[in-house]
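Notes for the one structure printed next.
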Amino acid sequence: MAVKRLEKSFMVLLLVIGGVLMMVPFIWMIGSSFKPENEFTIIPPTIIPHHPTFDNYRNLFIKLEFLTYLENTLVIVLFSFAGMFLNAMAGYAFAKFDFPGKNKFYYLILATMMIPGQVTMIPTYLIINKLNLVNTMAGIVLPGLVGAFGIFLFRQFMSTIPIDLLEAARLDGAGELRIFFQLIVPVVKPVFAVQGILTFIGAWNSFLWPLIIANDERLYTLSVGLSLLKGQYGTEFGLQMAGAAFMVVPIIIIFIFFQKHIIEGYTISGIK
Amino acid sequence: MKHLASQWNKHKYPYLFIAPAVVLLTVFSIIPIVIALVISFTNMDLMGLADYSNIKGVGLSNYINLFKDPVFLKSIYNTAFYVFIGVPLVVAAALGIALLLNYGTSWLFKSFRVVYYMPSITNIVAVAVVWGYLYNGTYGLFNYILSWFGLPAQQWLQDPTLAKLSLILLAFWKAIGLNMIIFLAALQGIPRSYYEAAEIDGATGWRKLRYITIPLLGFATFFVVITTLIGWIQFFEEPLVMTKGGPLNATMSMALFIYNNGFQLSNFGYAAAGSFVLFIIIILATLAQFKIQKQEVEY
Numbered sequence: 001m002a003v004k005r006l007e008k009s010f011m012v013l014l015l016v017i018g019g020v021l022m023m024v025p026f027i028w029m030i031g032s033s034f035k036p037e038n039e040f041t042i043i044p045p046t047i048i049p050h051h052p053t054f055d056n057y058r059n060l061f062i063k064l065e066f067l068t069y070l071e072n073t074l075v076i077v078l079f080s081f082a083g084m085f086l087n088a089m090a091g092y093a094f095a096k097f098d099f100p101g102k103n104k105f106y107y108l109i110l111a112t113m114m115i116p117g118q119v120t121m122i123p124t125y126l127i128i129n130k131l132n133l134v135n136t137m138a139g140i141v142l143p144g145l146v147g148a149f150g151i152f153l154f155r156q157f158m159s160t161i162p163i164d165l166l167e168a169a170r171l172d173g174a175g176e177l178r179i180f181f182q183l184i185v186p187v188v189k190p191v192f193a194v195q196g197i198l199t200f201i202g203a204w205n206s207f208l209w210p211l212i213i214a215n216d217e218r219l220y221t222l223s224v225g226l227s228l229l230k231g232q233y234g235t236e237f238g239l240q241m242a243g244a245a246f247m248v249v250p251i252i253i254i255f256i257f258f259q260k261h262i263i264e265g266y267t268i269s270g271i272k
Numbered sequence: 001m002k003h004l005a006s007q008w009n010k011h012k013y014p015y016l017f018i019a020p021a022v023v024l025l026t027v028f029s030i031i032p033i034v035i036a037l038v039i040s041f042t043n044m045d046l047m048g049l050a051d052y053s054n055i056k057g058v059g060l061s062n063y064i065n066l067f068k069d070p071v072f073l074k075s076i077y078n079t080a081f082y083v084f085i086g087v088p089l090v091v092a093a094a095l096g097i098a099l100l101l102n103y104g105t106s107w108l109f110k111s112f113r114v115v116y117y118m119p120s121i122t123n124i125v126a127v128a129v130v131w132g133y134l135y136n137g138t139y140g141l142f143n144y145i146l147s148w149f150g151l152p153a154q155q156w157l158q159d160p161t162l163a164k165l166s167l168i169l170l171a172f173w174k175a176i177g178l179n180m181i182i183f184l185a186a187l188q189g190i191p192r193s194y195y196e197a198a199e200i201d202g203a204t205g206w207r208k209l210r211y212i213t214i215p216l217l218g219f220a221t222f223f224v225v226i227t228t229l230i231g232w233i234q235f236f237e238e239p240l241v242m243t244k245g246g247p248l249n250a251t252m253s254m255a256l257f258i259y260n261n262g263f264q265l266s267n268f269g270y271a272a273a274g275s276f277v278l279f280i281i282i283i284l285a286t287l288a289q290f291k292i293q294k295q296e297v298e299y
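Respectively, the protein sequence lines represent chains A and B.
Using UniProt numbering, the first residue of the first sequence is number 1, and each one after it goes up by one.
Using UniProt numbering, the first residue of the second sequence is number 1, and each one after it goes up by one.
Spelled out as structure tokens, the structure:
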């Protein structure tokens with residue numbers, strides 16, 4: 001028993017040391033975001049600022065257009081939720097209906113998972129350009145609206161719904177759309193929770209495509225704005241750190257609230 | 001015609017349900033791959049974008065030029081460097097941490113799950129900003145820590161070899177979480193009874209790990225190795241936002257080379273050819289993995 005306890009203490013120690021190391025960039029970021037400009041050149045560097053200030057955060061909104069960037073980012077988040085429902089509908093059709101060409105369509109969708117982003121990036125830009133959607137929100141949102149992986153996950157979960165349930169609803173005269181929204185969506189709520197969080201994180205962090213498509217500052221997302229800040233205010237560490245914290249902290253808070261669902265989501269999605 | 005109409009009526013709903021997804025994926029994933037293949041045999045650039053009559057077929061010359069381009073060759077070397085160091089590092093660490101986290105069930109273990117996963121959900125630009133400051137030659141934390149041990153300050157992002165390793169460290173920190181979760185999910189799927197049976201037979205901790213856990217993690221390991229491998233072959237965002245491929249192209253990856261040629265220099269044809277080389281490498285690496293993968297263990 002003593003050996004067992006020693007072993008456990010050792011494991012916990014390892015875990016804590018590794019965890020603290022993983023946290024260093026976060027601690028450094030939060031601490032630095034409250035430092036006044038003259039505290040960045042002090043050696044030894046301070047982890048907790050001696051004279052904490054909110055100026056860096058204030059400047060994000062006064063000197064820079066972070067409010068606009070935030071709005072754009074939230075619009076993208078909203079659209080990506082609509083995209084999630086399109087994924088869910090497709091997944092539902094593949095799970096619970098039989099129709100000619102079903103397998104062909106499904107394989108076509110799965111095949112898109114294997115295509116690297118670098119290959120489609122340039123042609124997609126050309127298509128968006130041809131559609132006159134460069135520098136529009138539609139051009140930013142449309143190419144990533146649906147995704148094969150999401151469709152795949154929804155299909156996996158929805159195929160376990162008993163067919164009797166659907167038949168009963170149909171006998172009661174419910175329309176197909178109504179069945180989807182009032183029956184299927186509530187039944188697979190846990191999947192929507194997981195997918196919803198992942199969709200939110202993905203949309204919130206979206207960087208490369210908005211960078212390519214948006215030339216106008218009014219369309220910049222938070223991450224594009226932050227990369228601009230990194231280039232133009234490269235020496236203003238305080239402003240940069242506050243910008244980074246402004247992007248990272250909300251995601252972490254949301255994640256901590258929902259982390260149980262994400263981790264369980266992976267367990268039930270059958271990746272074992 | 002009548003047959004078609006009745007077919008449509010019968011299957012209208014599933015078609016309507018899949019239509020948005022199929023249309024969008026066709027327009028933004030399937031058609032682009034055809035376009036990419038076509039323009040990779042042309043000299044398409046900004047002039048071609050303005051007026052399609054400026055586009056000329058150039059046969060294989062984009063592909064031939066690629067392999068004469070010292071920057072492209074360097075990017076292949078760098079990508080191989082990233083893959084050979086990054087993949088084993090991420091897979092081993094993710095597995096190790098998953099095993100540690102699976103050791104207990106108290107709140108401590110549950111909280112550290114979150115801690116290790118956190119970097120995975122952070123934004124790459126924010127990460128670049130924070131790590132850029134940590135790596136700063138004068139005011140950075142890393143050089144200060146080195147000074148505790150009397151070690152000289154390092155030029156983390158300016159030295160050609162060290163810059164590659166610095167990017168790997170950052171990407172490693174960011175990649176552990178997701179892979180760890182996949183391993184953890186797999187570990188929790190292993191029936192307790194296997195371990196109990198082994199304990200009755202007198203198996204020790206190490207032997208249980210060697211003969212039960214590792215073999216039963218076969219599929220998860222395979223999945224993690226494949227996705228990590230593909231991810232590192234496409235290594236892109238970290239060099240883009242941290243070093244822009246510098247110093248002297250020392251951190252230039254293949255994906256970044258394609259991006260630069262496509263969106264900075266507007267050599268669409270040349271970049272498309274590069275992207276197909278990358279695609280072929282990914283397919284070959286994936287096929288090799290499937291070949292190496294032994295028989296899946298059922299439980």
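Every residue, glycine too, gets a C-beta built ideally from N, C-alpha and C.
All of these numbers come straight from a predicted model, not from anything done at the bench.
Kindly indicate which residue of the options has the alpha-carbon position closest to the one of residue i.
i        : options                               : result
Val22/B  : Pro162/A, Gln232/A, Leu108/A          : Leu108/A
Phe180/A : Lys96/A, Asn56/A, Gly18/A, Tyr57/A    : Lys96/A
Glu238/B : Lys68/B, Thr251/B, Asn143/B           : Thr251/B
Ser159/A : Leu208/A, Ala214/A, Phe94/A, Leu64/A  : Phe94/A
Phe235/B : Pro20/B, Ile124/B, Leu25/B, Met47/B   : Ile124/B
Met137/A : Val185/A, Phe154/A, Phe79/A           : Phe79/A
Leu284/B : Pro143/A, Met114/A, Ile184/A          : Met114/A
Trp232/B : Asn65/B, Phe84/B, Asn43/B             : Phe84/B
Lys10/B  : Glu176/A, Gln195/A, Ile27/A           : Glu176/A
Pro20/B  : Leu145/A, Val3/A, Gln118/A, Pro25/A   : Leu145/A
Ala169/A : Thr46/A, Lys189/A, Leu211/A, Ile184/A : Ile184/A
Asn65/B  : Asn43/B, Thr204/B, Val91/B, Ala171/B  : Asn43/B
Val38/B  : Phe17/B, Phe290/B, Tyr63/B            : Tyr63/B
Excluding five sequence neighbours on each side, which residues of the same chain lie with their C-beta closer than 8 Å to the C-beta of residue i?
i        : result
Asp51/B  : none
Tyr15/B  : Trp8
Leu248/B : Pro160
Ile145/B : none
In chain B, which residues lie less than 9 Å from residue i when you measure between Cβ atoms?
i        : result
Val191/A : Neighbours of Val191/A on chain B: none; closest Cβ ~15 Å, over 9 Å.
Take residue i and list the residues in its own chain whose beta-carbon comes closer than 7 Å to its own, dropping the five residues that flank it on each side.
i        : result
Ile97/B  : Tyr116, Ile176, Met180
Lys12/B  : none
Phe257/B : Val71, Phe72, Ser75, Gly274
Ile262/A : Val194, Ile197
With distances taken between CB atoms, is the gap from residue i to residue j smaller than 8 Å?
i        : j        : result
Leu184/B : Asn261/B : no
Asn135/A : Leu219/A : yes
Ile226/B : Thr286/B : yes
Ile35/B  : Leu126/A : yes
Leu14/A  : Leu100/B : yes
Lys35/A  : Gly238/A : yes
Asn143/B : Ala153/B : yes
Phe41/B  : Gly57/B  : yes
Ala203/A : Val77/A  : yes
Run through chain B and tell me which residues come within less than 8 Å of residue i, C-beta to C-beta.
i        : result
Lys35/A  : Under the 8 Å cutoff, chain B gives no residues; its nearest Cβ is about 11 Å from Lys35/A.
Thr120/A : Phe28, Ser29, Pro32, Ile33, Ala36
Lys104/A : Within chain B, no residue comes near Lys104/A; the closest Cβ sits about 10 Å away, beyond 8 Å.
Ser80/A  : Ordered by position in chain B, no residue passes the 8 Å Cβ test against Ser80/A, which lies about 13 Å from the chain.
Phe66/A  : Going along chain B, no residue has its Cβ under 8 Å from Phe66/A, so there is no contact; the nearest lies around 13 Å.
Quick one: is residue i buried, meaning 16 or more other Cβ sit within 10 Å of its Cβ, or exposed?
i             : result
Ser29/B       : buried
Gly270/A      : The pLDDT assigned to Gly270/A is 49, lower than 50, so where the model puts this residue is not dependable; a value taken from the coordinates is nonetheless given after this. Exposed, by the Cβ-count rule.
Gly269/B      : buried
Lys174/B      : buried
Trp156/B      : buried
Gln232/A      : exposed
Ala242/A      : buried
Thr204/B      : exposed
residue 335/B : Residue 335/B lies beyond the stretch modelled for chain B, which goes from 1 to 299, so this question has no answer here.
Tyr299/B      : Interpretation of Tyr299/B is limited by its pLDDT of 44, a score under 50 that renders its predicted location unreliable; the figure taken from the coordinates is listed afterwards. Exposed: under 16 other Cβ atoms inside 10 Å.
Sorted by chain position, which residues of the same chain lie with C-beta nearer than 6 Å to residue i's C-beta, five sequence neighbours on each side aside?
i        : result
Lys272/A : Residue placement at Lys272/A cannot be trusted, given a pLDDT of 35 that sits under 50; the coordinates are not used to answer.
Phe279/B : none
Ala186/B : Leu217, Ala220
Phe109/B : Leu101
Ile121/B : none
Val87/B  : Thr228, Leu229, Trp232
Using a C-beta to C-beta distance shorter than 8 Å, which residues of chain A count as neighbours of residue i?
i        : result
Leu100/B : Met11, Leu14, Leu15, Gly18
CB of residue i to nearest heavy atom of the ligand NAD: below 7 Å?
i       : result
Ser32/A : Looking at this structure, you won't find the ligand NAD or any other ligand, since it has none at all.
Would you mind telling me which residues of chain B sit closer than 7 Å to residue i, beta carbon to beta carbon, in chain order?
i        : result
Ala244/A : Ala126, Val129, Val130
Ala93/A  : Pro14, Phe17, Ile18
Gln240/A : Val129
Exercise for the section: Residues of the region 169-181 of chain A with a CB closer than 7 Å to any CB of chain C: list them in chain order, please. Expected result: Considering every chain present, this structure includes no chain C. Its protein chains are A and B.
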